[in-house]
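Written below as C-alpha cells is the structure these notes are about.
Number of protein chains: 2
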Amino acid sequence: MVMINDNGMSAKLKAVGLRPTRQRIALAEILFGRGDQPLGDQHLGDQHVSDRHVTAEQLHGEAIGRDVAVSLATVYNTLHQFTGQGLLREVVVDSGRSYFDTNVDAHHHFFDPSRGELVDINRDAIPLGDLPPPPEGMVVDSVDIVVRLKPTGR
Amino acid sequence: MVMINDNGMSAKLKAVGLRPTRQRIALAEILFGRGDQPLGDQHLGDQHVSDRHVTAEQLHGEAIGRDVAVSLATVYNTLHQFTGQGLLREVVVDSGRSYFDTNVDAHHHFFDPSRGELVDINRDAIPLGDLPPPPEGMVVDSVDIVVRLKPTGR
DNA sequence: TTCGTAATTTAGAATAATTCTAAATTGCTT
DNA sequence: AAGCAATTTAGAATTATTCTAAATTACGAA
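Order-wise, the sequence lines are chains Y and P. Here the numbering used here is used: the first residue of the first sequence is 1, the next is one more, and so on. Here the numbering used here is used: the first residue of the second sequence is 1, the next is one more, and so on.
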C-alpha cells in the first residue's frame with residue numbers, strides 16, 4: 001500500500017534507511033517540501049529552491065502550528081538523524097543554539113545576530129586561496145565561513 | 001600604595017576602565033600573563049606570545065587550581081567584561097560552549113572537535129577575495145573562518 | 001586611618017537548550 | 001492478525017549560562 005501523497009518524503013526517508021514514520025514524514029515535508037507545487041528537481045541551477053535554516057524549537061513550533069503532533073524530543077532526534085544521513089547540515093553560528101540547514105552543499109553564511117537569521121552564500125561567491133597546513137595528524141574536514149552582520153550606520 | 005607585582009595587570013585593567021579587583025587581576029594574569037618572564041612587548045612581530053583559548057569552566061578550574069578563590073559567576077562576568085573592553089574575543093565554534101580568545105586581532109581558527117581545541121590561523125594565511133554584498137540595511141561586522149579538522153585516515 | 005558608597009563578588013536559584021530514560025506506541029515482516 | 005524491533009514520548013536529568021539579592025570590597029573623601 002503506497003501513500004498517495006507525501007511528496008515523496010517516504011521514499012526520501014527510505015532511501016537513507018530511516019523508517020518513514022508519521023512524524024519523520026511531516027518534519028521532512030516542512031523542511032524539504034514545497035507546498036503544493038509539482039514535484040520535480042531539487043535545484044535550479046546551483047541554487048536550492050527552498051533553503052531553510054531552523055532551530056529545533058522553530059521546527060517544533062512549525063509542526064505544532066500545522067497540527068502535526070510531535071514532541072520536541074522527536075524533533076531533536078529527527079534533526080540529528082537527518083544530519084547523520086546527509087539530509088541536513090548543522091551550522092554553528094551561535095553558541096547556545098543549533099541551526100540546521102537544508103542546503104547540504106558546500107557553502108557559507110551571512111548571519112544577523114540580532115534576528116538570528118542566516119542567509120546562504122554560494123561557495124564560489126567567496127574565492128578562497130590555499131589553506132595553511134593543518135596540525136600534524138589532522139586533515140581538513142570542512143571550511144566554514146560566517147560573515148557576521150550588523151545594521152548599517154554605526 | 002602600589003602592588004609590587006601583578007605583572008601590570010592592574011594597569012591593564014584600569015586602562016580599560018575596570019576596577020582591578022583581586023579576582024580580575026588573577027584571571028587577567030592567567031589569561032595574559034607570561035609566568036615569570038620579564039614584562040615587555042605583547043607581540044613578537046605579528047604573533048601573540050601567548051594565545052589562549054578558554055571556556056569559562058576551564059578558566060575557573062585553572063584559577064581554583066592556583067588557589068585563587070573565584071566563583072564561576074565571576075568568571076563569566078569577567079570574561080564578558082574583558083570581551084566588552086576588547087581584551088578578549090569570543091569565538092563561536094561549538095553550539096553549546098563559548099570559547100574566549102586572548103588574540104583580538106583579525107584571524108581565523110583550526111578547530112578539532114574531538115579535543116575541543118583551537119589553533120589560530122593568521123589572517124593573511126587565508127587569502128580572501130571580495131565578499132558578496134550583504135543584505136539590504138546590513139554591513140559586514142566580521143568574517144570568521146573555522147577550519148574543522150578530523151584525524152588523518154578514514 | 002576611617003567612612004561611606006558604589007562597584008564587585010557570590011551562593012544559589014533560575015533559565016535555556018539539549019539529552020536521557022523507561023514505558024507506550026507503531027511500522028514492518030511473518 | 002501477531003510479534004518484535006524501531007520509534008516516539010513525557011518527564012526527569014544534564015549542561016552551560018544568566019539572574020538575584022545579599023555580603024564584601026575598592027577607593028575617594030574626610
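All C-beta atoms, glycine included, are put in the ideal place defined by N, C-alpha and C.
Under the three-state reduction of DSSP, which class applies to residue i: helix, strand or coil?
i, result
"residue 31 of chain Y", "helix"
"residue 124 of chain P", "helix"
"residue 142 of chain Y", "strand"
"residue 131 of chain Y", "coil"
"residue 18 of chain Y", "coil"
"residue 148 of chain P", "strand"
"residue 6 of chain P", "coil"
"residue 39 of chain Y", "Annotation note: pLDDT 39 at residue 39 of chain Y (below 50); position unreliable, coordinate value reported separately. If DSSP states are grouped into helix, strand and coil, residue 39 of chain Y belongs with coil."
Just checking my contact of residue i with residue j at CB under 8 Å: how many whole Å lie between their CB atoms?
i, j, result
"residue 88 of chain P", "residue 101 of chain P", "7 Å"
"residue 155 of chain P", "residue 129 of chain Y", "For chain P, the structure presents residues 1 to 154; residue 155 of chain P sits outside this window and is missing."
"residue 147 of chain P", "residue 13 of chain Y", "In fact, because the Cβ distance is near 33 Å, the residues do not count as touching under 8 Å."
"residue 92 of chain Y", "residue 92 of chain P", "6 Å"
Do residue i and residue j have their C-beta atoms closer together than 8 Å?
i, j, result
"residue 119 of chain P", "residue 109 of chain P", "yes"
"residue 27 of chain Y", "residue 59 of chain Y", "yes"
"residue 74 of chain P", "residue 23 of chain P", "yes"
"residue 144 of chain Y", "residue 116 of chain Y", "no"
"residue 149 of chain P", "residue 124 of chain P", "no"
"residue 152 of chain Y", "residue 139 of chain P", "yes"
"residue 62 of chain Y", "residue 30 of chain Y", "yes"
"residue 103 of chain Y", "residue 51 of chain Y", "yes"
"residue 17 of chain Y", "residue 85 of chain Y", "yes"
Which residues does DSSP pair with residue i in a beta bridge?
i, result
"residue 117 of chain P", "P/112"
Next item on the list: Any chance you could list the beta strand (DSSP E) runs of at least 3 consecutive residues sitting entirely within the stretch 47–107 of chain P, in chain order?
Entry: 89–91, 99–101
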